[in-house]
Amino acid sequence: MASDYDKSIESNQDPIIVRYLDREMEIIFNLCRNICQSNKNCSIIDMGAGTGRAIFALDKMLEKDSVEFVGVEVSKPMIRHANEKKENHGRNPNNIKFLQLDLTDPNLSDHFDSERTNIVMCLYNTLGVIPSEKRQSFVDNMRKIAGTEGLVIITAFNGDDFGFVAPRLYRPMMPMIRKIDDDSFDEENRVFHNSLGFRSQWFTKTQLKSILHSKNVRPIPIEVKVEGKIQTFGNVFPSKEV
Ligand SMILES: C[S@@+](CC[C@H](N)C(=O)[O-])C[C@H]1O[C@@H](n2cnc3c(N)ncnc32)[C@H](O)[C@@H]1O
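Take a look at the structure:
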C-alpha cells in the first residue's frame, strides 16, 4: 500500500494530480513561511502524513533547520517507507520525525508541546477518511494543539463540485483506490467508495467552515486547468488569516 500510495499521489504523472499537488503545496508553503518567519520555535505537524510527501517538500522549500516536522501516521508500513525516504532526503534528517498515533485518539493533543508555535495540518482530503463520529473531536484536537499562536490548515477536495471533480481525481489514482464500481461516485452524499472498502467523504465549504468553528475563514482555491478552463479541485482552509 505504501509504494502504491506514492504511485497514486507523489509520483503520479497525471497532469491534473501534478498541478493539484503543486498548487496545494505552494499555498501551504506561503502560510507556513509567514508563521515560521515570525516565530522561533515553529513545529509543522502533518496529521495522516502518509509517506511524508508534504513534510519533505516543505522542509526543502522552507530551508530552515530550526523548524521541527512531525508526521503523524497510524500505518506502520507508511512510517517505514517515510523513514526510508528521510535517509535519502538530502537535508538534515534530525528535525523530522514520524510518530505512530491514531488521529482519532481523544488524547491526541497530549503528544505535542503546547509551548511551541504549532502549525497543524491535515492534507489531501485526509479528513474524509476519519470516521464521521470522530471527525469533530479530531479537528478540535488539532485546534487545541495549534493554540492561539499557531495555525490549523485543512485541505479538502471540492465537495461543492463533487460530480465534476471526483472522477477526474480518482481515475488517475487507481494504484491506491484499486477499483471503481458502478456506484462508486455517490453524488448525493458526496462520498467516493468501493467494494474493497475504500471510502472518502467530501465536504462543502460551508461544512468545513463549521467543522473549523470559523465562519469567517476564507478558503484558498486549489485551481487546475482542465480543457482550457480553470476549475477549483480543492480548497485550503487556514483557521485564521495569515
Ligand atoms: C489520503 S492519505 C494522505 C496522506 C498525506 N496527508 C498526503 O497529503 O500525501 C491519508 C493518510 O492518513 C492515514 N490515516 C488514516 N486514518 C488514520 C488515523 N485514524 N490515524 C492516523 N493516520 C490515519 C492513512 O494511513 C494515510 O496514510
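If you're matching positions, the sequence shown starts at 1172 in my numbering and goes up one per residue.
Built from N, CA and C at the ideal position, the CB exists for glycine as well.
These numbers were taken from a predicted model, which means no experiment stands behind them.
Asked                                                                                                                                                                                      : Found
So what's Q1402 in DSSP terms, helix, strand or just coil?                                                                                                                                 : strand
Please specify which runs of the beta strand (DSSP E), each continuous and at least 3 residues long, are wholly inside the stretch 1211-1246, giving them in chain order.                  : 1213-1218, 1239-1244
Work out the CA separation of D1175 and P1248 for me, nearest whole Å.                                                                                                                     : 12 Å
Note down the Cα distance separating F1240 from L1229, rounded to an integer number of angstroms.                                                                                          : 9 Å
Below 8 Å, how does it come out for the stretch 1313-1327 and the stretch 1399-1407: are there three or more Cβ pairs, yes or no?                                                          : yes
By Cβ distance, which residues of its chain are closer than 7 Å to I1250, with the 5 residues on each side in sequence left out?                                                           : E1244, F1269, Q1271
Does any heavy atom of ligand 1 sit closer than 7 Å to the C-beta of I1180?                                                                                                                : yes
Buried or exposed for K1386, please, with buried defined as at least 16 other CB atoms from any protein chain shown within 10 angstroms of its CB.                                         : exposed
Distance, Cα to Cα, G1299 vs E1358?                                                                                                                                                        : 15 Å
How far does the alpha helix (DSSP H) with E1197 in it extend, from its first residue to its last?                                                                                         : 1186-1208
Short check: CB of N1289 to CB of I1267, under 8 Å?                                                                                                                                        : no
What residues are listed by DSSP as bridge partners for H1364?                                                                                                                             : R1370
Checking contacts by CB at 8 Å: is S1285 closer than that to chain D?                                                                                                                      : Within the model displayed, chain D is absent; a lone protein chain is all it includes.
Fully enclosed by the stretch 1254-1301, which beta strand (DSSP E) runs are 3 residues long or longer?                                                                                    : 1267-1271, 1288-1293
Identify, in the order they occur along the chain, each residue of the same chain with its Cβ nearer than 7 Å to the Cβ of M1203, setting aside the five sequence neighbours on each side. : Sequence inspection shows Cys at residue 1203; the Met mentioned does not correspond to that position. These residues qualify, in order along the chain: I1215, L1229, L1233, I1290.
Using CA coordinates, which residue listed in S1237, S1246, M1344 is at the minimum distance from I1206?                                                                                   : S1237
For T1297, is the classification buried or exposed, using 16 other Cβ atoms within 10 angstroms of its Cβ as the cut-off for buried?                                                       : buried
With distances taken Cα to Cα, identify the nearest neighbour of F1283 among M1313, P1302, P1264, K1257.                                                                                   : M1313
Which of helix, strand or coil does DSSP assign to D1357?                                                                                                                                  : strand
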